[in-house]
Structures are given as structure tokens and as C-alpha cells.
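Going by my numbering, the residue at position 24 of the sequence shown is 437; the numbering climbs one at a time, nothing skipped. From the three backbone atoms N, C-alpha and C, an ideal C-beta is built for every residue, glycine too.
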Amino acid sequence: MAGLRFLSSMMAAVIITCAAVSPSISDDAAGTPPFQPYVDMKTFMEHVLSPAAAVIFKVNGVVIDAKGEHDLSPKSDDDWEQIVSGAATLAEATNALMIPQRVRDPSWNPYVKKLADAADKAYRAAEAHDLKSVSEVSDQLDGICAACHRHYGLE
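Next comes the structure, spelled out in C-alpha cells:
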């Protein structure tokens with residue numbers, strides 16, 4: 414019985430100590446908001462969203478040079494891994510688009526949600542090495558991006 418009381422006392426001491434040293438929710442609320450944009454939208458588009466989307470768009474690409482026509486669709490595991498990484502980056506970057514300081518108007522988040530859903534589909538298709546599905550999602554992404562850019566006068 415004494416051992417159980419000692420164990421209970423130790424547990425209570427550990428819990429109290431953890432609560433005392435951990436930051437409280439009210440500290441966060443009084444300080445800076447938890448999510449901050451660090452670069453402006455143009456920089457974010459140029460360095461995060463566009464490169465990630467370009468990897469997905471590339472699956473439908475063809476290069477024509479002096480040696481002929483070259484299909485840019487994935488041919489190796491490394492090619493597929495690049496598409497997986499691009500799609501994962503694009504999907505996760507949509508969260509950064511919804512930081513309150515980046516939201517432009519009430520239409521913003523619905524555009525972002527469409528982008529997130531398409532990027533997630535691209536990610537899952539790339540993981541499965543499903544070229545047809547990645548290609549279809551690439552076309553969807555193109556339409557989603559174009560619609561958003563037209564709406565916000567970015568073209």
C-alpha cells in the first residue's frame with residue numbers, strides 16, 4: 414500500500430512539473446499567431462507552388478529538339494519519386510495558402526480546397542505509378558490554377 418501511495422505521489426509530481434514547464438495555450442494567444450507567412454504571395458508562388466505543380470504538369474509534356482520528340486512522362490522509380498514529392502509539396506503547401514494573412518476574400522479558400530484535393534489525387538496516383546490518373550489530375554490542376562489566376566487578375 415505504501416508503494417502505491419509513493420507511485421501516486423510521484424505521478425502527481427511529474428504531471429504538475431510538466432504542466433508548470435510547458436507553454437500554456439494562453440501564452441500562444443497573447444503572443445504571435447501560430448501561423449505566419451514569411452514571404453509575399455508572388456515569392457511563394459514562384460518558389461513553392463509553381464515548381465511543385467510543374468513536376469506534375471510535366472507528365473503530359475513533350476520536348477521536340479534536333480534529335481526528335483521526347484516524352485517527359487515518368488520512366489523510372491526516380492522519375493516517379495519526383496512526381497510524388499512535387500504532389501506532396503503542392504498538397505501540403507495549400508495549408509500555407511490558407512494562413513489568414515494570405516486569404517484574399519471569401520472565394521479564396523474554396524479555390525485552395527480544389528487545389529488541395531487535386532494535389533492529393535496526384536500524390537496518391539503517383540504513389541501508385543498510375544500515369545493515366547496523374548495525367549488527368551495534371552489537366553485538372555491546370556484548370557484550377559487558371560481559374561484562380563483569372564479570378565484574382567494574376568494573368
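Can you name, in chain order, every residue of its own chain whose Cβ lies under 8 Å from the Cβ of glutamine 495, other than the five neighbours on each side? Within the sequence shown, numbered from 1, the residue matching residue 495 stands at position 82. Sequence-distant Cβ neighbours of glutamine 495 in its own chain, meaning closer than 8 Å and more than five residues away, are Val468, Pro487.
According to DSSP, is histidine 483 part of a helix, a strand, or is it coil? The count along the sequence shown starts at 1 and reaches residue 483 at position 70. Of the three classes helix, strand and coil, the one that applies to histidine 483 here is strand, per DSSP.
In terms of DSSP beta bridges, what is valine 452 paired with? Here residue 452 corresponds to residue number 39 of the sequence shown, with the count starting at 1. Note: valine 452 sits in no beta bridge, so no partner.
Counting Cβ pairs, one atom from each stretch, are 3 or more of them under 8 Å apart for the region 523 to 536 and the region 548 to 562? In short, these stretches touch, since the Cβ pair count reaches three.
Could you work out which residue in Thr507, Lys480, Thr445 is closest to isoleucine 465 when comparing CA atoms only? Counting from one through the sequence shown, the residue named residue 465 turns up at place 52. As written in the sequence, residue 465 is alanine, which differs from the isoleucine given in the question. Of the listed residues, the one whose Cα sits closest to alanine 465 is Thr507.
I'd like to check one pair, alanine 504 with alanine 538: are the Cβ atoms closer than 8 Å? Numbered from its first residue, the sequence shown carries residue 538 at position 125. Numbered from its first residue, the sequence shown carries residue 504 at position 91. No, Cβ-Cβ distance for alanine 538 and alanine 504 is not below 8 Å.
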